Structures are given as C-alpha cells and as structure tokens.
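Enquirer: Residue numbers (full-length UniProt numbering): 1 to 302.
Okay, handing you the structure first.
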C-alpha cells in the first residue's frame, strides 16, 4: 500500500511540480498568517512583539460588542452585500447564456473584451473615471443634464445615491470576469448533447433550460455559497474611496472601521478581533448555505 502510493506520486511528479507554486502560495500567505489570530486575544504592539504582549482574553470582542456604531456598521455592510448579490450575481449568468447563443465573430469578441477589461483596473482608477465622467463640473453627464435644463446630480455628495453608486461601479468592474467563469463552464459541456437535443426538435429555450443550465448549475451554486461567506468582508478600498462627511452614515462598513479605528490607531489586537469575527460569520454562512443546497438537491457542493 505504501509502495503503491509512492509509485503513484512518482508517476505524477510533473503534475505535482506544477502544483507546487500554488501550494506554496497558500501555505505562505494563507496558512502561516493564521498564527497571527492570537493577536485578537492580546494587547499587541510591534515594539513588544507577540511573545511579550499582555494576554487580554476576550476584551477586544467585548469592546466590539459594546461599540455604539456596531449596528450601523453591520447594517451598512449587509445591505451593500445584498445589493451586490441581487444585482451583480444574476447578470453574469445571463450574459454567459447570451454569449453562448451569439455567433462567434468580431462583435462578440469585442463585447466580451470590453466587459473583461474593467476587472484589471484598480478601484482608484474606477472611482476616478467615474468622477471625471459623471461627477465633476463640466463632465459629460453634467453637460447632458444642463442641455435638458435639469439640475446637476452629484452622486458622491448625496447619501441616498451611495448604495446604488457602489453597486453600479462594482457591477461595471466585476461582471465581465464572472461572466468569463460561466462562459468557460458552458464551453465544457459536451456538444453532442446539443446535437442530440436538436435532432429531437428542441429549441433554444429547451436547450438552455435542459442542457446549458444543468451543466453550470453546480458552478452557480458554488459561487453563490462562496459569496455568502463574504457577507461581512466587502473589501476596504472601494468603500474608503467613496466615503465623505455627507454619506458616512451609509458608507461606513466594518472594513473601513477596521482601518480607521484599528490600523490607524495602532490597535492591531482589536483589528484582528474584528477580522476574526467577520471570518467566523462568513464560515458559518458558508456551511449553512452548503447544508441548504445539500438538503434541497441531495447533493453536496463544497
């Protein structure tokens, strides 16, 4: 048994060698940093180091629970997450179906590339482009409003626009990349299934409903479950670039609070406690989502 395992490893040595960079990446940047979770239970300072830091137990978590703005922070974070899931998540699936039905040609390639490219822009560039095109005085959007005799609309200076603004920018940047994932999943479906269904008289709707959708269904469910794991982890950069004194009550989320209250103040233990709290909620929702899918479909996604 032991000899067979060694021989199997030797026969697949090239594949294992190709796997090595990714494995090292996860070990160095994901597993080794887990030792830093101890900071959540200590009064850590860089000068004293982790070994000499005072052990405070659950004090950082008690402080987080008693934070007056915690309700607002969680509410804003969850609302932004729901906006993104309800609007951003279904669109890539629909676009993937559309690209699958379109004939391959210059127009199809141009549209796909135009959707993919924004993903490679940083949030600084995305927000700056939006400001130049829509927000600043003399921008194309403001000139159009002026031409129709309408009052200027300042999206970044009105609290009521923040969530739609955040979701719209996120949609423009992310939709192409997520569409690419589903297009790749559709392309892996056996083409003979389509040919056989067409011979039986199936139309485009039947092909999509009974072949394309079942072929990517598990991928859709898996990505949805993984998104649920990030319900409190939206990322720091995008929200921080849009925050101003006018919209702060809607724009402040847990990630920006971690930066302002924890990192800027040098309170690394408190910051780690918040991060651990977010991760615990995310893992719980991820497992619950997998359990629900398993109960509904009698199939385990993760």
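Ideal Cβ positions, reconstructed from N, Cα and C, are used throughout, including at glycine.
Values in this document were obtained by computation on a predicted structure and should not be read as measured data.
Please say whether residue 175 and residue 95 have beta carbons closer to each other than 9 Å?
Expert: Position 95 of the chain shown, counted from the start, is the residue given in the question as residue 95. Position 175 of the chain shown, counted from the start, is the residue given in the question as residue 175. A distance below 9 Å separates the beta carbons of residue 95 and residue 175.
Enquirer: How big is the Cα-Cα spacing for residue 230 and residue 282?
Expert: The sequence position of residue 230 within the chain shown is 230, counting from 1. The sequence position of residue 282 within the chain shown is 282, counting from 1. One C-alpha to the other measures close to 6 Å.
Enquirer: Name the DSSP bridge partner or partners of residue 167?
Expert: By one-based count along the chain shown, residue 167 stands at place 167. Partner(s): none; residue 167 has no beta bridge.
Enquirer: On the DSSP bridge list, what partners appear for residue 43?
Expert: Reading the chain shown from its first residue, position 43 is the one you call residue 43. In DSSP, residue 43 forms a bridge with 54.
Enquirer: Any chance the segment 194 to 213 sits against the segment 228 to 244, with 3 or more Cβ pairs inside 8 Å?
Expert: no
Enquirer: Quick one, are the C-beta atoms of residue 232 and residue 81 less than 9 Å apart?
Expert: One-based indexing of the chain shown puts residue 232 at position 232. One-based indexing of the chain shown puts residue 81 at position 81. Yes.
Enquirer: Reducing DSSP to helix, strand and coil, say where residue 292 ends up.
Expert: Against the chain shown, residue 292 aligns to sequence position 292. Of the three classes helix, strand and coil, the one that applies to residue 292 here is helix, per DSSP.
Enquirer: Given this structure, state the Cα-to-Cα distance separating residue 130 from residue 166, to the nearest angstrom.
Expert: Translated into the one-based positions of the chain shown, residue 130 becomes position 130. Translated into the one-based positions of the chain shown, residue 166 becomes position 166. Distance between the alpha carbons of residue 130 and residue 166 is about 11 Å.
Enquirer: Would you tell me roughly how many angstroms separate the C-alpha atoms of residue 193 and residue 186, rounded to the nearest one?
Expert: Taking the first residue of the chain shown as position 1, residue 193 is located at position 193. Taking the first residue of the chain shown as position 1, residue 186 is located at position 186. Spanning the two alpha carbons is a distance of roughly 12 Å.
Enquirer: Looking only at its own chain, which residues have a Cβ that is under 7 Å from the Cβ of residue 77, when we skip the five neighbours before and after it?
Expert: Here residue 77 corresponds to residue number 77 of the chain shown, with the count starting at 1. The answer, listed in chain order, is 232, 234, 253, 254.
Enquirer: Do residue 216 and residue 182 count as a contact pair if the criterion is CB distance below 9 Å?
Expert: Numbered from its first residue, the chain shown carries residue 182 at position 182. Numbered from its first residue, the chain shown carries residue 216 at position 216. Yes, the Cβ-Cβ distance between residue 182 and residue 216 is below 9 Å.
Enquirer: With the cut-off set at 9 Å, would you say residue 46 and residue 178 are in Cβ contact?
Expert: Within the chain shown, the letter at position 46 stands for residue 46. Within the chain shown, the letter at position 178 stands for residue 178. Not in contact: residue 46 and residue 178 (Cβ atoms no closer than 9 Å).
Enquirer: Once you ignore the five residues that flank residue 256 on each side, which residues in its own chain have a CB closer than 7 Å to its CB?
Expert: For the purposes of this step, residue 256 is taken as residue 256 along the chain shown, with counting starting at 1. Around residue 256: 236, 239, 240, 243.
Enquirer: Ordered along the chain, which non-local residues of its own chain (more than five positions away) have a Cβ less than 6 Å from that of residue 172?
Expert: Along the chain shown, one-based indexing puts residue 172 at 172. Excluding residues within five positions, the ones whose Cβ falls inside 6 Å are 118.
Enquirer: So what's residue 112 in DSSP terms, helix, strand or just coil?
Expert: Your numbering for residue 112 matches position 112 in the chain shown. For residue 112, the secondary structure class from DSSP, reduced to helix, strand or coil, is helix.
Enquirer: Within the continuous alpha helix (DSSP H) that includes residue 250, where are the two ends?
Expert: For the purposes of this step, residue 250 is taken as residue 250 along the chain shown, with counting starting at 1. Note, residue 250: alpha helix (DSSP H), 248 to 251.
Enquirer: With respect to the alpha helix (DSSP H) encompassing residue 128, which residues constitute its N-terminal and C-terminal limits?
Expert: The residue you call residue 128 lines up with position 128 of the chain shown. Here the alpha helix (DSSP H) through residue 128 covers 123 to 130.
Enquirer: Leaving out five residues before and five after residue 142 in sequence, what residues of the same chain have Cβ atoms less than 7 Å from its Cβ?
Expert: As a position in the chain shown, residue 142 is number 142, starting the count at 1. Scanning its chain for C-beta atoms nearer than 7 Å, with the 5 sequence neighbours on each side dropped, one finds around residue 142 the residues 152, in chain order.
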